[in-house]
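Working notes, beginning with the structure itself.
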Amino acid sequence: MFFRFTQKKLRHERVIGGSIFLFSLFRRDQPPEIKLNLKSMRFPSTMNRSYLIAPEALFVHCSIARTFVLSLMVSIGLSSANEEDPVDPLTVNDWPQYLGPQRDTIWREEGVALEFSKHQPKLLWSAPLGSGYSGPAVANGRVYVMDRQAKPYKPKDLKPGTNLNFVRATIPGTERIVCLDEESGKLLWSDIYEANYTSVFPYAIGPRTTPLVDDGIVYTLGAEGALHAYDAEHGMLIWRKNLISEYKFETPLWGTSAHPLIDGELLICIVGGENSTVVAFDKKTGEEKWKALNARSPGYGTPVIETVNGHRQLLVWDAENVNGLDPKTGEVFWSVEFKPEYGMAVGAPRVWKDLVYVMGFNGKSAAIRVDSEGRSAKVAWGRDLRKGVAGVMNTAYVRDGFVYSGGRKGLFRCIEIETGRRVWAAEEPLRKADGSGRGPWLQAFTVHHEPSGRTLIFNDHGEMIVAELSPKKYHEVSRMSIIDPTHTVSGRLLVWSHPALANKRLYCRNDKEIRCWDLSGGE
Numbered sequence: 020m021f022f023r024f025t026q027k028k029l030r031h032e033r034v035i036g037g038s039i040f041l042f043s044l045f046r047r048d049q050p051p052e053i054k055l056n057l058k059s060m061r062f063p064s065t066m067n068r069s070y071l072i073a074p075e076a077l078f079v080h081c082s083i084a085r086t087f088v089l090s091l092m093v094s095i096g097l098s099s100a101n102e103e104d105p106v107d108p109l110t111v112n113d114w115p116q117y118l119g120p121q122r123d124t125i126w127r128e129e130g131v132a133l134e135f136s137k138h139q140p141k142l143l144w145s146a147p148l149g150s151g152y153s154g155p156a157v158a159n160g161r162v163y164v165m166d167r168q169a170k171p172y173k174p175k176d177l178k179p180g181t182n183l184n185f186v187r188a189t190i191p192g193t194e195r196i197v198c199l200d201e202e203s204g205k206l207l208w209s210d211i212y213e214a215n216y217t218s219v220f221p222y223a224i225g226p227r228t229t230p231l232v233d234d235g236i237v238y239t240l241g242a243e244g245a246l247h248a249y250d251a252e253h254g255m256l257i258w259r260k261n262l263i264s265e266y267k268f269e270t271p272l273w274g275t276s277a278h279p280l281i282d283g284e285l286l287i288c289i290v291g292g293e294n295s296t297v298v299a300f301d302k303k304t305g306e307e308k309w310k311a312l313n314a315r316s317p318g319y320g321t322p323v324i325e326t327v328n329g330h331r332q333l334l335v336w337d338a339e340n341v342n343g344l345d346p347k348t349g350e351v352f353w354s355v356e357f358k359p360e361y362g363m364a365v366g367a368p369r370v371w372k373d374l375v376y377v378m379g380f381n382g383k384s385a386a387i388r389v390d391s392e393g394r395s396a397k398v399a400w401g402r403d404l405r406k407g408v409a410g411v412m413n414t415a416y417v418r419d420g421f422v423y424s425g426g427r428k429g430l431f432r433c434i435e436i437e438t439g440r441r442v443w444a445a446e447e448p449l450r451k452a453d454g455s456g457r458g459p460w461l462q463a464f465t466v467h468h469e470p471s472g473r474t475l476i477f478n479d480h481g482e483m484i485v486a487e488l489s490p491k492k493y494h495e496v497s498r499m500s501i502i503d504p505t506h507t508v509s510g511r512l513l514v515w516s517h518p519a520l521a522n523k524r525l526y527c528r529n530d531k532e533i534r535c536w537d538l539s540g541g542e
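Those letters in the sequence shown? Residues 20 to 542, by this note's numbering.
Dropping the structure here:
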């Protein structure tokens, strides 16, 4: 059975269970094209009624085509009205988004072995992967991660001494979302789409954001603003939009990088453009629900929802201001100016009581104090570069009034959040095990393991460190290399991707592979 209507189309390639078929997304101003070769399409044996959401994905801009294909799929018996196979809810030990289940850099799973001299982690599997900074997300027995396929790019006709950190280039290539089996690393499905990068080329290696899994849907955001919602089980596209073209703003220098956030029925994204620095969409349809803020650049910082001085607020740090909003309506409660250099607001805001802590380039960190009504705020401290700790690519960890983070000059610091006072500094976490690997802008991702009271530090040399952190000192318990650094920046190899910790396992990636490590200690 074969149907065809004509229209100019945008090509997507879908892989499901090893089979490939093509479909089109339509523009409102063009007639639809439907090309559906049923004889050549092979579907997973588990396909059932839940798959009927697929037409909403394929023809989101064309209700006639959507209705036609939905009716067609029902009539030819691709699903059974009596079958039920709902996607299981997230398990308590999944890692469905950036920074963990509660987006707070805390791992709450028990029964994990974190002394490697006694229990050496075991590599369970690895799978090939392209380049990118996107961290893994783990949910419902599956691992989701993004990558990029592109030819190496070499700039031409650059003057000697040119600072490559600010040189844009148009680089052809594609972005991809892959879904892997959590137990084996086997590819279950993937989607690949064209994505020509226009950001600063030394860092244009792939997507920045971690996939977000919620209520049977996985959301992805590419470096050029391509926002997708997929059926998490089978990979069918539910809806998509390009934020840059829709909201009419230039790709940020280092790409679209802020990880999307779910709040109830809303998908909240840092976007850009006039009065749309932050936009909330209906998570099931992609329809805009509200938008707010008007920064000259959206920055790169991840939005979070926290309780600040007793008030639940959406915290957004753009290139100009730290902001507190109502996550349901987008109402702006307060804005405080705090500008990082080059708009590099990257780390997610952290909260301690009435203080909101932010840090970014170049040596910029601050604590913003929110009043008892939650509608006014001011800088408690942040104008003195001798205070605080200013990581660039990472989010700080805050506990009991103290902030722990890597920062400038290759130092991992503990500071007092009330005053910004530096309590101690340690070089060991940001160096290699042999003491080498010094540098001014070394990075580390930090996750606190709540049951043991220990903290995992993932440095950009590809090492995992288990440490005990307190205001008194830094104490290293264990360390091991978990993945090779593969990305070259300023003449050194590094890996800038936040790992996932789920079901007594560690998932990490570089520009060649994704790995799964067993941290159960052989239990």
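C-beta: ideal position from N, C-alpha, C; glycine also.
- Here F185 is exposed: its Cβ has fewer than 16 other Cβ atoms, across all protein chains shown, within 10 Å.
- For S264, the enclosing alpha helix (DSSP H) stretches over residues L262 to Y266.
- Burial is judged here by how many other beta carbons sit within 10 angstroms of a residue's own beta carbon; S395 has fewer than 16 and is exposed.
- Non-local C-beta neighbours of N215 in its own chain, meaning closer than 8 Å and more than five positions away in sequence, comprise T189, I190, P191, G192 and E243, ordered along the chain.
- Counting the other CB atoms within 10 Å of its CB gives R457 a total below 16, which places it among the exposed residues.
- Taking C-alpha positions only, T181 is separated from H278 by approximately 31 Å.
- Under the three-state reduction of DSSP, E360 is assigned to helix.
- With respect to the C-alpha of W114, the residue from C535, W536, L520 and E532 having the closest C-alpha is L520.
- Taking 7 Å as the cut-off, the Cβ atoms of W309 and G349 count as close.
- Between F300 and L286, the alpha-carbon positions lie close to 5 Å from each other.
- Excluding the 5 residues flanking it on each side, N313 has same chain C-beta neighbours closer than 7 Å at E293, N294 and T296, in chain order.
- Taking each of V327, I436 and T228 in turn and checking the Cα distance to G274, the smallest one comes out for T228.
- Look at the beta carbons and you see the region 121-136 touching the region 468-482: at least three pairs across the two are nearer than 8 Å.
- By the neighbour-count criterion, in which 16 or more other beta carbons inside 10 Å mark a residue as buried, T507 falls on the exposed side.
- Comparing alpha-carbon positions, the option among V131, E201 and A444 lying closest to R534 turns out to be E201.
- A contact between stretches requires three or more CB pairs, one per stretch, nearer than 8 Å, and the region 217-232 meets this requirement with the region 140-156.
- Assigned with DSSP and collapsed to three states, N184 falls in helix.
- With three or more CB-CB distances shorter than 8 Å, the region 404-424 counts as touching the region 378-389.
- Look at G425 here: in three-state DSSP terms it is strand.
- Going by DSSP, F464 is part of the beta strand (DSSP E) stretching over A463 to H468.
- Q139 and L449 have their C-alpha atoms spaced approximately 22 Å apart.
- Relative to the Cα of M255, the nearest Cα in the group G235, E446, F431 and L262 belongs to G235.
- Secondary structure of E243 (DSSP, three-state): coil.
- DSSP places Y172 outside both helix and strand once states are collapsed to three, so it counts as coil.
- Look at E447 here: in three-state DSSP terms it is helix.
- Judged by beta-carbon spacing, V164 lies within the 7 Å limit of V197, meaning their Cβ atoms are closer than that value.
- Within the model, the alpha-carbon separation for R122 versus Q116 is close to 7 Å.
- Among the bridge pairs identified by DSSP, R331 is matched with T326.
- A direct Cα-Cα distance of roughly 18 Å separates V485 from N522.
- Exclusion of the five residues before and after G425 leaves G410, N413, F431, P448, L449, L461, Q462 and A463 as the residues of its chain whose Cβ lies within less than 7 Å of its Cβ.
- In chain order, Y423 and T474 place their CB closer than 6 Å to the CB of L488, counting only its own chain and leaving out the 5 sequence neighbours on each side.
- Nearest to E360 by C-alpha distance, out of Y376, R167 and N340, is N340.
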